[in-house]
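Heads up, this note's numbering is the position in the sequence shown plus 32, with the first residue counted as 1. Note that beta-carbon positions come from the ideal geometry of N, C-alpha and C, so glycine has one too. A quick note: this is a predicted structure, and the numbers were derived from the prediction, not measured. Following: one structure in structure tokens, then a few remarks.
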Amino acid sequence: MDRHRAALETVLRQPVTVAGVTDLALAGRKFSGNSQRRKRRHVLFHGTFLLDFDLRRIETYLRTPTRQPAYRQHRSHTEFLCNLGLPASQVRQALATAWNAHEPWRGELVMDSAKYSRAEWNRKF
Numbered sequence: 033m034d035r036h037r038a039a040l041e042t043v044l045r046q047p048v049t050v051a052g053v054t055d056l057a058l059a060g061r062k063f064s065g066n067s068q069r070r071k072r073r074h075v076l077f078h079g080t081f082l083l084d085f086d087l088r089r090i091e092t093y094l095r096t097p098t099r100q101p102a103y104r105q106h107r108s109h110t111e112f113l114c115n116l117g118l119p120a121s122q123v124r125q126a127l128a129t130a131w132n133a134h135e136p137w138r139g140e141l142v143m144d145s146a147k148y149s150r151a152e153w154n155r156k157f
């Protein structure tokens with residue numbers, strides 16, 4: 033998480049903190065949530081970035097969690113979350129630079145065209 037923190041701090045030109053276990057926050061407000069699943073031979077790590085989302089909608093769709101990190105301080109979703117206010121391309125570039133990952137992984141290209149770009153996959157949820 034520290035690599036993500038440093039990359040975004042450079043772009044934002046303000047302090048970014050790792051909060052909770054794997055959240056990223058600006059001034060105590062979460063803009064990125066991340067999760068991981070580890071098995072003996074596999075690791076899945078995924079995350080989200082709030083860029084320009086109508087935060088009021090979150091109150092409608094998500095219940096307040098029963099387990100909360102201490103830094104949440106029992107705040108509502110709209111008081112706890114914030115948008116980065118950056119274009120996705122700028123976040124993508126900052127992370128690619130931090131990870132020296134400028135070329136797409138071949139498997140990513142195959143999965144994108146074979147699965148994730150297909151309407152039947154995206155509309156099944």
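Using only the alpha-carbon positions, how far apart do residue i and residue j sit?
| i | j | result |
| --- | --- | --- |
| Y93 | Q68 | 23 Å |
| A57 | H74 | 28 Å |
| V53 | P119 | 25 Å |
| H36 | A130 | 7 Å |
| P97 | V50 | 19 Å |
For residue i, count neighbouring C-beta atoms within 10 Å of its own C-beta (all shown protein chains included) and say buried if the count is 16 or more, exposed if not.
| i | result |
| --- | --- |
| H109 | buried |
| D55 | buried |
Provide the residue span of the beta strand (DSSP E) that contains residue i, from first to last.
| i | result |
| --- | --- |
| A51 | 49 to 51 |
For residue i, which residues in the same chain have their Cβ closer than 8 Å to its Cβ, ignoring the five residues on either side in sequence?
| i | result |
| --- | --- |
| A133 | L127 |
| T42 | A126 |
Quick one: give me the first and last residue of the alpha helix (DSSP H) that residue i is part of.
| i | result |
| --- | --- |
| E41 | 34 to 44 |
| L127 | 120 to 131 |
Going by beta carbon distance, what residues of the same chain come within less than 6 Å of residue i, once the five residues before and after it are set aside?
| i | result |
| --- | --- |
| F77 | Q68 |
Comparing the C-beta of residue i with each C-beta of chain B, is any distance below 8 Å?
| i | result |
| --- | --- |
| A146 | Absence of chain B from the displayed structure is noted, only one protein chain being present. |
Go through its chain and collect everything with a Cβ distance to residue i's Cβ below 7 Å, but skip five positions before and after it.
| i | result |
| --- | --- |
| K147 | W153 |
Taking the runs of the beta strand (DSSP E) that are 3 residues or longer, which of them lie wholly in the region 57 to 87?
-> Complete beta strand (DSSP E) runs here, min 3: 61 to 70, 75 to 81.
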